[in-house]
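Worksheet for the structure shown next.
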Amino acid sequence: MSEQITRGRNLITIVNPNGPISEQFKTLRTGIHFSSVDTKYQSIMITSPEPNNGKSTISANLAVCYAKQGNRTLLIDADMRKPTVHRTFDIRVNVGLSNLLTGDMERSEVFRQTEIDNLVVLTSGTVPPNPNELLISKKMEKLMQQFSQEFDQIIIDTPPILASSDALVLTPYVDGTVVVLRSEKSLKDRTKIAVDQLRKTNVPIIGTVLNCVKNRLDNYYDYS
280 MSEQITRGRN LITIVNPNGP ISEQFKTLRT GIHFSSVDTK YQSIMITSPE PNNGKSTISA
340 NLAVCYAKQG NRTLLIDADM RKPTVHRTFD IRVNVGLSNL LTGDMERSEV FRQTEIDNLV
400 VLTSGTVPPN PNELLISKKM EKLMQQFSQE FDQIIIDTPP ILASSDALVL TPYVDGTVVV
460 LRSEKSLKDR TKIAVDQLRK TNVPIIGTVL NCVKNRLDNY YDYS
């Protein structure tokens, strides 16, 4: 594994781990745990109907929470069209998931250890001309099988459902998905279309996160 230590910039679960917003992310982690009575959600896909709902922020903070609980955690940026995880952790995005899938790199060359114990980041890598074909490949299936043996928890940040089919082709490789909605932005009809598309894949929908909720407690999001 690469020895490069990367730092999460402005992640609330890092800069203010005991604050009220960080507690909400811990609540999300706990909610997922209690949703898995019959199924262990080892690999979780975080997605949204549309861009700019905050799914990448949710993914990163949730991964931090799992790692701080002592789980060996892998955060994967599978949004090869508009990757963001590399900026969150201040990582050069020249190598990552796409390079693993094309066989250009080995895992030891693309994994990035973070300042958080137990948290490893896999960025999206070199932007490919064919993200969908890479994500639906047998190589991706094999990688996910290997990751599930090496890590206790896998969080995958995917593209928005209605922006491309990339998120949908990843559903066979995950145990469940969390859908991120943005308060006062996500339209009901588009949300319904996105959820219906997910249900057709038979992936368990663990729950939804309503992001940027404004209430008297100034919570960052609500989970259901």
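Here the sequence shown stands for residues 280 to 503, numbered as in my numbering. Cβ atoms here follow ideal geometry from the backbone N, Cα and C, with glycine treated the same way. Since this is a predicted model, take the numbers as computed values, not measurements.
Where residue i falls, given that 16 or more other Cβ within 10 Å makes a residue buried
| i | result |
| --- | --- |
| Asn289 | exposed |
| Asp317 | exposed |
| Asp468 | exposed |
| Arg366 | exposed |
| Pro451 | exposed |
| Pro299 | exposed |
| Gln334 | As written in the sequence, residue 334 is Lys, which differs from the Gln given in the question. Lys334 is buried by the Cβ-count criterion. |
| Arg461 | buried |
| Arg371 | exposed |
| Asn378 | buried |
Under 9 Å between C-beta atoms of residue i and residue j
| i | j | result |
| --- | --- | --- |
| Ile435 | Tyr320 | no |
| Glu394 | Ile293 | yes |
| Ser403 | Leu376 | yes |
Best match in the options for proximity to residue i [C-alpha to C-alpha]
| i | options | result |
| --- | --- | --- |
| Asn409 | Glu385, Glu420, Thr336 and Leu380 | Leu380 |
| Thr487 | Asn481, Phe430, Val294 and Ile337 | Ile337 |
| Pro439 | Asp431, Gln432 and Val448 | Val448 |
| Ser504 | Val474, Asn373, Thr480 and Arg391 | A query on residue 504 cannot be resolved here, the shown segment of the chain reaching from 280 to 503 and no further. |
| Met324 | Val389, Thr456 and Ile415 | Thr456 |
| Glu385 | Val458, Leu422 and Leu477 | Leu422 |
| Gln476 | Glu412, Ser443, Asn490 and Asn411 | Ser443 |
Cβ neighbours of residue i in the same chain (closer than 7 Å, five flanking residues each side left out)
| i | result |
| --- | --- |
| Ala342 | Thr352, Leu354, Leu398 and Ile434 |
| Leu414 | Ala357, Asp445, Val448 and Leu449 |
| Asn373 | Thr405 |
Residue i - partner residues in DSSP beta bridges
| i | result |
| --- | --- |
| Val400 | Leu354 and Arg391 |
| Asp274 | There is no way to answer for residue 274, as the model of the chain reaches only from 280 to 503. |
Beta-carbon contacts of residue i that lie in its chain and below 8 Å, excluding the five residues immediately before and after
| i | result |
| --- | --- |
| Glu420 | Pro451 and Tyr452 |
Residues near residue i in its chain [Cβ-Cβ closer than 6 Å; skip 5 each side]
| i | result |
| --- | --- |
| Leu496 | Note that Leu496 scores a pLDDT of 43, beneath 50, so its modelled location is shaky; the value from the coordinates is reported in the next line. If we look at Leu496 and ignore the five residues flanking it on each side, it has no Cβ neighbours. |
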